[in-house]
Amino acid sequence: MKTANLFTFAICAYKDSPYLEDAILSAKRQSIPVEILIATSTPSDYIAGLAAKHQIEYIVNPHRGNIATDWEFALAQVKTPYAAILHQDDIYFENYAEKVMEKMLKHPDTLITFTDYGDLLSDGKIHSKRGYLIIKRMLLWAFYLKKHHRCRWGKRSALVLGNAISCPTVSYNLQALKSVKYDQSYSVNLDWAKWLELADLPGAFAFVPEVLMAHRIDDSMETAAAIADNRRYNEDRRIFEKIWGKTIAGFLMFFYKNACKANQV
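Heads up, the sequence shown is in my numbering, so the first residue is -15 and it goes up one at a time.
Okay, structure coming up:
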């Protein structure tokens, strides 16, 4: 499979994460050739030094904004047709890009491809059978029956009872999407809102039912902070109300809020 220069890992670096080099190394160890860049709105000698050490393009966003503008800026720097936003705390298994590209090239109308994943906890081990991950897989039932959905119903099936499409696992078809913009009124659920938007567009969502990356869970992470100050709860409720209306959303939140606790160490 010829995939050279088709896929980019756009690494979003924020401040001086001790995990950044692990993320870089996971991108460099892919089984197929990939492009790698680092984009940041918080430049530092530390980030620049790692970019130089690993001979990676280093791009500074002169307009410091929020997580949405950071993601948009990173994707805007990509020159290949396909890309993933590599969160600086996460790691990708060596066959992630290869498996994703197989899906993208087989179905050129695919908008996004996503995979299964595990949590990288403080014990240094990857846990893929945690309770909330099992629930997410249950929400992906339509994608286990059929790995590629073009119809609106099929795409939304993974989103109407919660966000079963984990942002770090997602790769984008930038030829089809052109410019990717996120709703900046969200600080946590901008990915969920984006998937709902994309589900209304022509094109497909594709799923690789293999654990191909690990998402680090740590008290210092933004998601943990968002749970602690109720941003996650408020944004979850907002999206459920958009999908179902206030009455049903309130009922869903009674059960759904407990799943957020699993995202804490």
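The C-beta atom is built at its ideal place from N, Cα and C for all residues, glycine as well.
Nearest in C-alpha terms to Leu105, of all of Ile75, Phe127, Phe98, is Ile75. Here Phe77 is not near Phe191, since their CB atoms are 7 Å or more apart. When only Cα atoms are considered, Ala32 and Tyr42 end up about 7 Å apart. One Cα belongs to Ser25, the other to Ala52, and the distance between them is close to 12 Å.
Only residues of its own chain outside the window of five on either side were considered, and among them none has a CB closer than 6 Å to the CB of Cys135. 7 Å or more divides the Cβ of Thr153 from the Cβ of Ala67. Straight through space, the alpha carbons of Leu143 and Leu180 are spaced by roughly 7 Å.
Check the Cα spacing between His133 and each of Trp176, Ser28, Asp93, Lys109: the tightest is with Asp93.
Distance between Ser155 and Arg200, taken at the CA atoms: about 18 Å. The C-alpha of Val84 lies about 33 Å from the C-alpha of Met237.
Rounded to whole angstroms, Gly234 and Trp228 show a C-alpha spacing of 9 Å.
Judged by DSSP secondary structure, Thr99 falls within the beta strand (DSSP E) whose first and last residues are 94 to 104.
In the DSSP assignment, Glu19 falls within the unbroken beta strand (DSSP E) covering 19 to 24.
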